[in-house]
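With our numbering applied, the sequence shown covers 26 to 195.
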Amino acid sequence: MSDDFLQELGQTALGSRLRRFLDRLNGPVSQLYRDELGFEQRWFALTLLLGRKGAMRVGDAASALGVSHVAIVQSVREMAKAGLVTKEKDRSDRRASLIALSAEGEVMLDKVTAISARVDRAAAGLLEEADPQLMATLDRLDGALTREGFAARLARAGATGADAEKENRS
């Protein structure tokens, strides 16, 4: 018997194992950004996106990052408070907002990019040691979930034990 109960549960605990893995990976990275820059790691992807693509609508940023509109709005609010982004109405569509890195955000982008190079080297070492194909596997998993979401897969997998027991009693 393993000391790792989640490992014992196998694929049934896939989500829990991935969450634990993400916590172990992101915890030190978040601390590094916070300690060295006073920067929140959850702003990383949006900062790089705006740095590479320039000003864009909130909805376009959400689509590009594969996150909800609400998540982008929350990040923009936090980043604006920190002085890293600006937000203004889109002149071509007054209902939409354009977000962009501020001058302070551009300076932060350079610092974030330098730290992200350290993160990249550490991640490369981890992947080389554990599974050089993990990124390709994640791409395939992401594609499979795009083709058919997990909710549909759960429905296709059939009734749960409790549901089946109810049906048997009826």
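Note that beta-carbon positions come from the ideal geometry of N, C-alpha and C, so glycine has one too.
No experiment lies behind these values; they were computed from the predicted model shown.
Where residue i falls: helix, strand or coil (DSSP)
i	result
S122	strand
D115	strand
V92	coil
Residue j beta carbon less than 8 Å from that of residue i
i	j	result
L62	L74	no
I140	Y58	yes
T72	L134	yes
I97	V110	no
G108	E129	yes
A105	H94	no
L43	G76	no
Q66	N51	yes
Range covered by the alpha helix (DSSP H) that runs through residue i
i	result
D29	Taken as a continuous stretch (DSSP letters only), D29 belongs to no alpha helix (DSSP H), as it is neither H nor E.
R67	Premise fails: R67 is in no alpha helix (DSSP H) and is neither H nor E.
E131	128-155
Q56	39-62
G174	G174 -> no alpha helix (DSSP H), and no H or E assigned at all.
Separation of residue j from residue i, as counted between CA atoms
i	j	result
Q32	S55	26 Å
R102	D28	43 Å
P53	R146	14 Å
P157	G150	9 Å
A70	K78	12 Å
E154	G174	31 Å
R181	L39	18 Å
V137	S117	32 Å
V144	S122	32 Å
L152	K114	43 Å
A148	W68	19 Å
Local Cβ density within 10 Å of residue i, reported as buried at 16 or more and exposed below that
i	result
F30	exposed
M160	exposed
Q99	exposed
F64	buried
Min CB distance residue i to chain B below 8 Å
i	result
A105	Considering every chain present, this structure includes no chain B. It has just one protein chain.
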